[in-house]
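Residue numbers (the UniProt record's numbering): 25 to 477. Some notes on the structure that comes next.
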Ligand code: ACO
């Protein structure tokens, strides 16, 4: 099959959010710390009425409905998540309830977990299936979804929740470029969830940022090297491959400010591989950084400032449009990168998007990371994909704002009841968008049942 990629995208976000300015006051931190310092305006969150199963039930049912396919058209279904409710039973198996009526039980694929990276791994599996001898001509679905919540403290404003379901198949309007994929994996304890009774991670914030930036450097260098090779270019420092090879770049976004810094870092990478004699002309004013080493600059303010200022206009054009959901919903973990793609596609008219190459950087603590790219192909399928995304901004604007006291209480209810059985959720159904699946109850054997509003 040719042109394998994404045929449709379906976003799910919670119906409720907390305002970050109000949260700054509530937490007693200095005004601007979350909004300017982290770049976050609103944070989506769920009550005990929603869990990872319900979020994915909503995502899958809405994807099937909007794209006009039937459950029998799906031959593979994968879920990427780090929101774990059960050490054995997959979210995918819960989703099979939706297939009952169609009679289709011939559906490959299960869950993939590694922090925020599971969705990307699931996507790679789905692409491989379509390109393999096991493919039976049907479509694949990948759902990246998470409920990201942190204990009270510095990390709490970097939570969020949401899911993105993707329909995968041949002749797609968003083609994943073949042979242009780079990966960097290593062992790190930057963010992990060793306590299985809690939804909260153990996080070393500073180390997680260092790991993220290092992974970005490695993936970008390797991607550029592969791109040079594919296009027949030779030599290490070729200006023909670099930031300008992309019309847009979408990053996994724990918070917007890190992405702005990351964009500047790609320009720093380009700078460091540019022949000395070209620097004054290509990078005016940045001469003084000529000798810096990437591994010494993760927290170097001068380098950060210099390259952020230099790359601001490029950032505004290529990456800022991808941060809408990150800014308005927060970190959706596995769904964050794909929410970035949705945001980017919502931000520009179709004429501008056609023919573009969009780079994607996926990062999951622990750590796993990859960079790859998508080509946007003109045609009725692109028109359909983009018109289905027209509901995204109205959806964001129709959410309910909840005050920080109520938000905090809701987090406490989740915390106390996380693995309780039997359990009857208490969260108000009026917080949910119509069409949302929600947790009805957990019985004494921890069996969960769901209903749709
Ligand atoms: N006005 C404007 N800016 C402010 C203000 C203010 N009043 N107060 C602080 N700031 C700035 C700081 O200068 C800093 O920005 P800078 O780094 O550009 O200088 C920023 O706001 C954050 O302030 P810090 O003091 O660094 O914040 P803190 O250490 O309390 O927490 C952190 C930030 C570490 C990101 C925390 O929220 C966290 O641990 N989050 C979870 C981990 C995470 O998301 N890691 C990213 C990769 S891994 C993943 O995806 C989960």
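In this text, a Cβ means the ideal position worked out from N, Cα and C, and glycines have one as well.
{"query": "Rounded to the nearest angstrom, what separates residue 188 and residue 359 at their Cα positions?", "result": "6 Å"}
{"query": "In the region 227-257, which residue ranges form an unbroken beta strand (DSSP E) of at least 3 residues, counting only runs that do not cross its ends?", "result": "none"}
{"query": "Specify the secondary structure class of residue 67 as computed by DSSP and reduced to three states.", "result": "strand"}
{"query": "Would you mind reading off the limits of the alpha helix (DSSP H) that contains residue 324?", "result": "Residue 324 -> no alpha helix (DSSP H), and no H or E assigned at all."}
{"query": "Just to confirm, are residue 353 and residue 274 a CB contact at a threshold of 8 Å?", "result": "no"}
{"query": "With DSSP run on the structure shown, which of helix, strand or coil describes residue 86?", "result": "helix"}
{"query": "Going along the chain, which unbroken runs of the alpha helix (DSSP H) with 4 or more residues stay wholly within the region 340-366?", "result": "348-353"}
{"query": "Taking the alpha helix (DSSP H) that residue 436 falls in, what are its first and last residues?", "result": "428-441"}
{"query": "What does the Cβ neighbour count give for residue 108, buried or exposed, with the cut at 16 atoms within 10 Å?", "result": "exposed"}
{"query": "Please determine whether the Cβ atom of residue 149 lies at a distance below 7 Å from any heavy atom of the ligand ACO.", "result": "no"}
{"query": "According to DSSP, simplified to helix, strand and coil, what is residue 380?", "result": "coil"}
{"query": "Whole-angstrom Cβ separation of residue 476 and residue 451, contact assumed at under 8 Å?", "result": "Contact doesn't hold; Cβ gap of about 15 Å is too wide."}
{"query": "Closer than 6 Å by C-beta to residue 37: which residues in its own chain qualify, once you throw out the five before and the five after it? Chain order, please.", "result": "68, 186 and 353"}
{"query": "Which value, in whole angstroms, describes the spacing of the CA atoms of residue 465 and residue 394?", "result": "38 Å"}
{"query": "Is the region 287-299 in contact with the region 324-333, if contact means three or more CB pairs nearer than 8 Å?", "result": "yes"}
{"query": "So residue 150 and residue 192 are supposed to be a Cβ contact under 8 Å. How far apart are they, rounded?", "result": "5 Å"}
{"query": "Using a Cβ-Cβ cut-off of 6 Å (strictly less than) and excluding sequence neighbours within five positions of residue 208, which residues of its own chain qualify?", "result": "239, 242, 243 and 393"}
{"query": "With 16 as the cutoff for other CB atoms within 10 Å, does residue 74 come out buried or exposed?", "result": "buried"}
{"query": "Is the beta carbon of residue 138 sitting closer than 8 Å to the one on residue 309?", "result": "no"}
{"query": "What does the alpha-carbon distance come out to for the pair residue 214 and residue 126?", "result": "43 Å"}
{"query": "Could you give the distance in angstroms between the alpha-carbon of residue 62 and the alpha-carbon of residue 351?", "result": "9 Å"}
{"query": "What is the DSSP secondary structure of residue 477, counted as helix, strand or coil?", "result": "coil"}
{"query": "Drop a sphere of 10 angstroms on the beta-carbon of residue 440, count the other beta-carbons inside from all chains shown, and report buried for 16 or more, exposed for fewer.", "result": "exposed"}
{"query": "Quick check: the Cα distance between residue 319 and residue 266, rounded to an integer number of angstroms?", "result": "20 Å"}
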